[in-house]
Amino acid sequence: MLTAKPDYDSLYAGFHWALPAQINMAAQVCDDWAARAPERIAIIDLTQGRRDVSYGELQSMADALAHDLVARGVRRGDRVGVLRSQEAWTAAAHIAIWKIGAISIPLFKLFMRDALQSRLQDAGAQFVVTDAEGAGMLEGQVPVFPEEITLGAAPFTAVDTGPEDPAVLIYTSGTTGSPKGALHGHRVLAGHLPGVQMFCEFPGESGEDVLWTPADWAWIGGL
234 MLTAKPDYDS LYAGFHWALP AQINMAAQVC DDWAARAPER IAIIDLTQGR
284 RDVSYGELQS MADALAHDLV ARGVRRGDRV GVLRSQEAWT AAAHIAIWKI
334 GAISIPLFKL FMRDALQSRL QDAGAQFVVT DAEGAGMLEG QVPVFPEEIT
384 LGAAPFTAVD TGPEDPAVLI YTSGTTGSPK GALHGHRVLA GHLPGVQMFC
434 EFPGESGEDV LWTPADWAWI GGL
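All the letters of the sequence shown, read from the start, carry residue numbers 234 to 456 under my numbering.
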């Protein structure tokens, strides 16, 4: 995270990358917060009324899903699709996949079948965390419905990963050619946060700031 400065030049002059040898995005965006303040709200889910999801709850969801994926055979380095709307289970799915050391593939719910399958087949994804609507678009991939998983499973500690270890495979839009997969390591979070911070005018850590975004989570700017 950036430290607020009075102007851009001061911010630029004092900036440098400082990445630890071991870094896992699941720990950074969820587990570390759950350890410090499990009751603090992580996501306000408005897909079906209002549901405030705490970091502790989000961690429990991700842990249960991580155990389920491992039981299905998902291993470190495997690619797993995430085809859901913008809601709490979508966030938990990405976190669960990163905990395993696998690679999440954000997928747009409005993709037509051909567009969806071209990405899934190119990535070699065997499993897709989705809902009933998304499952109808799959062709041979195994749908995983997180709502069917029993919560309260044992904690799932994120595997040790480094900054360069792959975490997210995001496909380009294909506007000027065939969509291409851009593979990002766990360090991408550190690179992405400064832009979010500056855009949002350096939100504080009081726990009172709320960030709303209409950007789809299948796009790197939204995720």
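Just so it is clear, CB atoms sit at the ideal spot from N, CA and C, and this is done for glycine as well.
Predicted model only: the values in this text are computed from it and were never measured.
**Request:** Have a look at Ile256, Val286, Tyr241 and flag the residue whose alpha-carbon is nearest the alpha-carbon of alanine 270.
**Result:** Val286
**Message:** On the criterion of 16 or more Cβ atoms from any shown chain inside 10 Å, does tyrosine 241 qualify as buried, or is it exposed?
**Reply:** exposed
**Item:** Distance between beta carbons of proline 396 and glycine 428, contact taken as under 8 angstroms
**Value:** About 18 angstroms separates the two Cβ atoms, so there is no contact after all.
**Asked** Taking all protein chains shown into account, do 16 or more other C-beta atoms lie within 10 angstroms of the C-beta of serine 293, making it buried, or fewer, making it exposed?
**Response** buried
**Of the residues Arg283, Val313, Ile333, Thr390, the one placed nearest aspartate 265, counting alpha carbons only** = Thr390
**Message:** As an exercise, report each continuous alpha helix (DSSP H) stretch of at least 4 residues that is fully enclosed by the segment 314 to 380, in chain order.
**Reply:** 321 to 333, 346 to 356, 365 to 368
**Three-state secondary structure assigned by DSSP to alanine 251** = coil
**Asked** Exposed or buried, proline 388, counting other C-beta atoms within 10 Å across all chains shown (16 or more means buried)?
**Response** exposed
**For leucine 402, the three-state DSSP class (helix, strand or coil)** = strand
**Message:** So the candidates are Leu302, Ser318, Glu441, Glu272; which of them puts its Cα closest to the Cα of proline 339?
**Reply:** Ser318
**Request:** Give me whichever residues DSSP pairs with glycine 289 in a beta bridge.
**Result:** Paired residue(s): none; glycine 289 is not in a bridge.
**Asked** Looking at the unbroken alpha helix (DSSP H) that takes in aspartate 242, where does it start and where does it end?
**Response** 241 to 246
**Item:** Status (buried if at least 16 other CB within 10 Å, exposed otherwise) for serine 243
**Value:** exposed
**Prompt:** Going by C-alpha distance, which of Asp278, Lys342, Tyr245 is nearest alanine 325?
**Reply:** Asp278
**Request:** Output the distance between the C-alpha atoms of alanine 356 and glutamate 441, rounded to the nearest integer angstrom.
**Result:** 39 angstroms
**Item:** Those residues which DSSP pairs with isoleucine 274 across a bridge
**Value:** Ser287
**Cβ distance (whole Å) where arginine 309 is taken to contact isoleucine 330 below 8 angstroms** = Wrong, their Cβ atoms sit about 11 angstroms apart, outside the cutoff.
**Prompt:** Is DSSP giving isoleucine 299 helix, strand or coil here?
**Reply:** It should be pointed out that residue 299 corresponds to alanine in this sequence rather than to isoleucine. In the structure shown, alanine 299 sits in a helix (DSSP, three-state: H, G or I).
**Message:** Let me make sure I understand the geometry here. Which of Arg283, Asp296, Gln261 has the alpha-carbon closest to that of glycine 233?
**Reply:** It is not possible to answer for residue 233, since the shown part of the chain is limited to 234 through 456.
**Message:** Suppose the cutoff is 7 angstroms on Cβ atoms and the five residues either side in sequence are ignored; what does the same chain contact list for valine 303 look like?
**Reply:** Ile333
**Inter-residue CB distance, alanine 358 and glycine 314 (contact presumed, cutoff 8 angstroms)** = 5 angstroms
**Message:** If I follow the unbroken alpha helix (DSSP H) through alanine 391, where does it start and stop?
**Reply:** Segment: none, alanine 391 is in no alpha helix (DSSP H) and carries neither H nor E.
**Prompt:** By how many angstroms is the C-alpha of tyrosine 245 removed from the C-alpha of proline 379?
**Reply:** 42 angstroms
**Item:** Cβ-Cβ separation, valine 401 to phenylalanine 360 (assumed contact under 8 angstroms), whole Å
**Value:** With a Cβ gap of about 16 angstroms, phenylalanine 360 and valine 401 do not count as contacting.
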